[in-house]
Amino acid sequence: MAGKPPQNDPVQDAPQVTGPKHAAAGLPAVGHTLRVAQRQMGVRRTALTLLRVNQKDGFDCPGCAWPEPEHRHTAEFCENGAKAVAEEATLRRVTPDFFAAHPVADLATRSGYWLGQQGRLTHPVYLAEGADRYEAVSWERAFGIVAEELTALASPDEALFYTSGRTSNEAAFLYQLFAREFGTNNLPDCSNMCHESSGSALNETIGVGKGSVLLDDLHRADLIIVAGQNPGTNHPRMLSALEKAKSDGARIITVNPLPEAGTERFKNPQTPRGMLRGAALTDLFLQIRIGGDQALFRLLNKLILDTEGAVDETFVAEHTHGYEEFAEAARAADWDETLTATGLTRAQIEEALGMVLASERTIVCWAMGLTQHKHSVPTIREVVNFLLLRGNIGRPGAGVCPVRGHSNVQGDRTMGIFERPAPAFLDALEREFGFAPPRGHGHDVVRAIRAMRDGKAKVFFAMGGNFVSASPDTEVTEAAMRRARLTVHVSTKLNRSHAVTGARALILPTLGRTERDLQAGGEQFVTVEDSMGMVHASRGRLEPASEHLLSEPAIVCRLARRVLGEASRTPWEEFEKDYATVRDRIARVVPGFDDFNTRVADPAGFALPHAPRDERRFPTATGKANFTAAPVEHPELPEGRLLLQTLRSHDQYNTTIYGLDDRYRGIRNGRRVVLVNPEDARELGLADGSYTDLVSEWKDGVERRAAGFRVVHYPTARGCAAAYYPETNVLVPLDATADTSNTPASKSVVVRLEQSATG
Ligand code: SF4
């Protein structure tokens, strides 16, 4: 029998700490998975649902964007994928009675964990201006309210259309089409806060803002560098690929300020031997200082240049541009500066060099640890320099591998969810739909918050996600959101963004990935694109959580008809009835989707073209792969301060809190913890178990405080601390962003730790 949601908010600041684990998955993961699933879905539904995740005729996991292997296991999911599915397929319900019992002011006092545990939303609800709680509303009335506010705007650019990475390709394509026909490019998305730095750097250097490897390449690599990523928690099935590569002779270098169980040893639950003994993964752990990655790769590049015959001269001559200027800058790299910036030893870097030079097929994988810093774009460019030098792009077993954290975040961008669309995409849209799309760039996430803060944006519409919790500078973001006339969230479950509202607010409940999607044209499926550019179908099978839910495509189509009216010649009704008609249009507008409906009928899906990978053709400004020579940067740390990175616990997926444990780091039943190196703690007079306030320091002189964190002595790199978001997003200044990509610099926040009044 599925369990009831927690009535009261569990205490969160009295965690038990037992110290980090040295292996991921195994029996504990299986046990934990079944417990969580049973608690949300009950036994029968658990079996029915989990056996369909990531299967060829099943639905795509709404967790991360890790690709499916050709041969699927019976249980083709990880612990965190099962948690994501269980939370969506839960039997718990949030009905209008719930909202009658919980005014918005009460919801605003609740933790993200408690809100998320209440269950699936069942009805559209509306918070009228001046009212204190949401009430049930008809879909027709809801669309009317949105139309009222949108058509009352002085300019379409006073509206913001946010997208979270769970949105399917079909819904994303329709959503951007609606926003552009309405007249704006204000299409901020969660990618702005995560891999935007990767897209910016890769577009400039290789001409495609996406990874250049497929799963098979990872299996064929002989050296895999995992930098600024914690796959054990954030992309767990990646461990299977690393295990397979290792069993075929590959070596792994992990570059991270924190030792993580997932890259140390993987106990693969798919095999008895794996379950019991597991496989060691990392051969060389480089415990780097936060933000020291650019310096590390720059020095490795110098050492490669200094090594006779180490450079792939033929590839460099034939396929690259800017080599001389880059080589001059790289040869100037300084050992001492690098050792200071990285906190590594000469011996460690020389060992890494040995592994690099011994490798013929190298892949570099990365995530937020590289993308959320002021100098992230130059850092990722330096990684590209590193791979170009030895021709590790555009051949099997080699390449760039930014690992996406949200199941369809890459697909959404491919569908046009981007505030800076390419002119060619807008031309194709105009040709296909006969209206003139706006050409001016729109707002990304940070600019959208500024626009609401400054009263320049009045309507905020979110397709999924939890905007206020995912965004930086929490107090500023929440105040900005409250300045809006109307806030609308298309959601499956409750979250904090529903409690931080504009003058009027709507929550529009939608179908989940696990659920059957029946339209006038019959049962529908949607498509997604994974982190490696593979597109495949996803078919929900469960009965919807409520008869009042609408699919994301249906919500967009009905809203568009209501807002755009007769003036629109776009066949919204046809699109709502049958998503195949949407895919036909996608095939004509988005490169690589020719004959979409036929190709996606293949259960394995299809790979999108990637010119650098497929042909060693680089569609850049120079027509070549570009070496770059940016000055090396790394965060400076004032005396008595620490550099904080915000991160996820193991019981967390983005801002969704599945539970209060972080099993691999040995923390249970609490989230207000800060991980501090014991030597740093001793120097700062911070005993393990004592309580501290985190206060960030930034050039605007504003004091940003996160109070009452339990100090945990933890083997972090010296000078580096770590704590969970969204609790510490309050410390990240809105204007502290990465150059070029404008991604919030959430991985390098200068903090001082003050004795806490609470502990
Ligand atoms: S690895 Fe990612 S996509 Fe795969 S099951 Fe786990 S969370 Fe889902």
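307 is the number that this note's numbering gives to position 300 of the sequence shown; each next residue is one higher, with no gaps.
Ideal Cβ placement from N, Cα and C applies to all residues, glycine included.
Owing to the predicted nature of the structure, the values given are computational and were not obtained by experimental measurement.
- Under the DSSP assignment, P516 falls in the beta strand (DSSP E) whose first and last residues are R511 to P516.
- Under the Cβ criterion (8 Å, minimum of three pairs), the stretch 250-267 does not count as touching the stretch 88-108.
- The straight-line gap separating the alpha-carbon atoms of A302 and V639 is approximately 6 Å.
- Exposure of V709 is indicated by the presence of fewer than 16 other C-beta atoms within 10 angstroms of its C-beta.
- For the pair L167 and N192, the CB atoms are not nearer than the 7 Å cut-off.
- Distance from the CA atom of R679 to the CA atom of V323, rounded to whole angstroms, is 49 Å.
- Under the three-state reduction of DSSP output, Q124 falls in the coil class, being neither helix nor strand.
- Residue selection by CB proximity (closer than 7 Å to any heavy atom of ligand 1) returns V60, N61, C68, G70, C71, A72, W73, F84, C85, N87, G88, A91, H242, P243, R244, M245 and S414 in chain order.
- Judged by DSSP secondary structure, D343 falls within the alpha helix (DSSP H) whose first and last residues are W342 to T349.
- When C-alpha distances from L55 are compared across F467, R759, A93 and V111, the shortest belongs to A93.
- Taking C-beta atoms under 8 Å as the contact rule, V739 and D480 qualify, at a distance of about 6 Å.
- When the five nearest sequence neighbours on each side are left out, the beta carbons in the same chain lying within less than 6 Å of the beta carbon of Y141 are those of F106, V132 and L134, in order along the chain.
- In this structure P551 touches E522 by the C-beta definition: roughly 5 Å separates them, less than 8 Å.
- Under the three-state reduction of DSSP, R272 is assigned to strand.
- Between T314 and A477, the beta carbon gap of about 43 Å keeps them out of contact (Cβ cut-off 8 Å).
- Boundaries of the beta strand (DSSP E) around Y169: A166 to T170.
- Beta-bridge annotation (DSSP): W373 is paired with A234 and P409.
- A direct Cα-to-Cα measurement between G126 and A374 gives close to 30 Å.
- Of the candidates P722, T747 and T534, the residue whose Cα lies closest to the Cα of D67 is T534.
- Annotation: T481 is outside any beta strand (DSSP E); the continuous alpha helix (DSSP H) that includes it extends over T481 to R489.
- In summary, T40 is buried, with 16 or more beta-carbon neighbours lying within 10 Å of its beta-carbon over all protein chains present.
- Sixteen is the threshold: when 16 or more other Cβ atoms of the shown chains lie within 10 Å of the Cβ of A688, as they do, the residue is buried.
- Beyond the five residues adjoining it in sequence on each side, T261 comes within less than 6 Å, by CB distance, of V233, T270, T289 and F292 in the same chain, given in chain order.
- Partner residues in the beta bridge of V101, as assigned by DSSP, are L128.
- The stretch 199-218 makes no contact with the stretch 592-605, as fewer than three CB pairs between them are under 8 Å.
- Shortest Cα-Cα distance from S575 to any of T517, A443 and K253 involves A443.
- By the neighbour-count criterion, in which a residue is buried when 16 or more other Cβ atoms sit within 10 angstroms of its Cβ, L525 is exposed.
- Per DSSP, the unbroken beta strand (DSSP E) holding L649 starts and ends at L649 to L654.
- In this structure the stretch 551-565 touches the stretch 579-590; the number of beta carbon pairs closer than 8 Å is three or more.
- According to DSSP, residue pairing for N633 in a beta bridge involves H328.
- Less than 7 Å divides the Cβ of P27 from the Cβ of R672.
- Excluding five sequence positions before and after Y182, the CB atoms of its chain that fall closer than 6 Å to its own CB belong to M470 and V563, given in chain order.
- Going by beta carbons, G218 and M539 fall inside the 7 Å limit.
- For R388, the closest alpha carbon among the candidates T240, G509, A636 and V466 is that of A636.
- Per DSSP, the continuous alpha helix (DSSP H) segment holding G206 begins and ends at E203 to T212.
- In the structure shown, the three-state DSSP call for D196 is strand.
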